[in-house]
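Beneath this line is the structure, given in structure tokens, with notes to follow.
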Amino acid sequence: MTIVSPRSATLLRRIDPPKWPSPRGYSHGMAGMGTLVFVGGQIAADNAGRVTSIGLIPQARQALRNVRTVLAEAGGAPEHIAQMTWYVLDIDHYRAQLRELGVVYSEIMGNHYPAMVLVEVSGLVEPGAIVEIAATAILPVVGSSSSLGAPPCP
13 MTIVSPRSAT LLRRIDPPKW PSPRGYSHGM AGMGTLVFVG GQIAADNAGR
63 VTSIGLIPQA RQALRNVRTV LAEAGGAPEH IAQMTWYVLD IDHYRAQLRE
113 LGVVYSEIMG NHYPAMVLVE VSGLVEPGAI VEIAATAILP VVGSSSSLGA
163 PPCP
């Protein structure tokens, strides 16, 4: 199986039920066919594995960069992400910085908004980490021409 380059068109389809409120900054669901890539939880660690930044915004920026780096190693790009889970130590602090987080997200991931989950936790794997981000991506297969318009996902 060959994986397409990150610039190839993705076969992901957003699933946002028409009678539901329009999501802002995420999708209600995503469907796709291809090679699955599971990106384990990424924190704001540098190349030596140390958390070097303080604060939610700089840590989110580095964690997103780390997600993007892992995805690139698999031949993927942000537009291939189908689902993303954010773990934060303080959900109220996250909510208070939504505007700034949106800017950072767009800077690193562009205008692709996968299905997202936000979970408040009591601790993360590394001391000093205040956000951890995991993702699942679907990379299209070279030569794939299937349409996601039909049949619908079960």
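13 is the number of the first residue of the sequence shown in this note's numbering; add one for each residue after it. Glycine residues also receive a C-beta, built at the ideal position from the N, C-alpha and C atoms.
Exercise. Kindly indicate the opening and closing residues of the beta strand (DSSP E) around A74.
Key: Here residue 74 refers to the residue found at position 62 of the sequence shown. Before going further, note that residue 74 is Gln rather than Ala in the sequence given. Q74 -> not in any beta strand (DSSP E); alpha helix (DSSP H) instead, spanning 68-85.
Quiz item: Would the beta-carbon of A127 fall within 8 Å of that of G41?
Solution: As a working note, residue 127 is residue 115 in the sequence shown. As a working note, residue 41 is residue 29 in the sequence shown. Yes; because the gap between Cβ atoms is below 8 Å, this pair is in contact.
Exercise. For M96, write down the residues that DSSP places opposite it in a beta bridge.
Key: Locating residue 96 in the sequence shown gives position 84, counting from the first residue. M96 pairs with M128, A147.
Quiz item: Nearest CA to the CA of A60: which residue from F50, N78, Y117?
Solution: Along the sequence shown, one-based indexing puts residue 60 at 48. Looking at the Cα atoms, N78 is the closest of the given residues.
Quiz prompt | Option in P35, A75, G52 with minimal Cα separation from Y117 | solution = Locating residue 117 in the sequence shown gives position 105, where the first residue counts as 1. Looking at the Cα atoms, A75 is the closest of the given residues.
Quiz item: In whole angstroms, what is the alpha-carbon distance linking R19 and V82?
Solution: Indexing the sequence shown from 1 puts residue 19 at position 7. Indexing the sequence shown from 1 puts residue 82 at position 70. Confidence at R19 is low in this model, with a pLDDT of 42, below 50, so the placement of that residue should be treated as unreliable; the coordinate-derived value is given next. Going from the Cα of R19 to the Cα of V82 covers about 16 Å.
Self-check item: beta strand (DSSP E) runs wholly inside the stretch 18-42, at least 3 long, in chain order
Solution: Fully enclosed beta strand (DSSP E) runs of 3 or longer: 25-27.
Self-check item: Three-pair Cβ contact test at 8 Å for the stretch 64-74 versus the stretch 128-143
Solution: Flag = yes, the stretch 64-74 and the stretch 128-143 touch.
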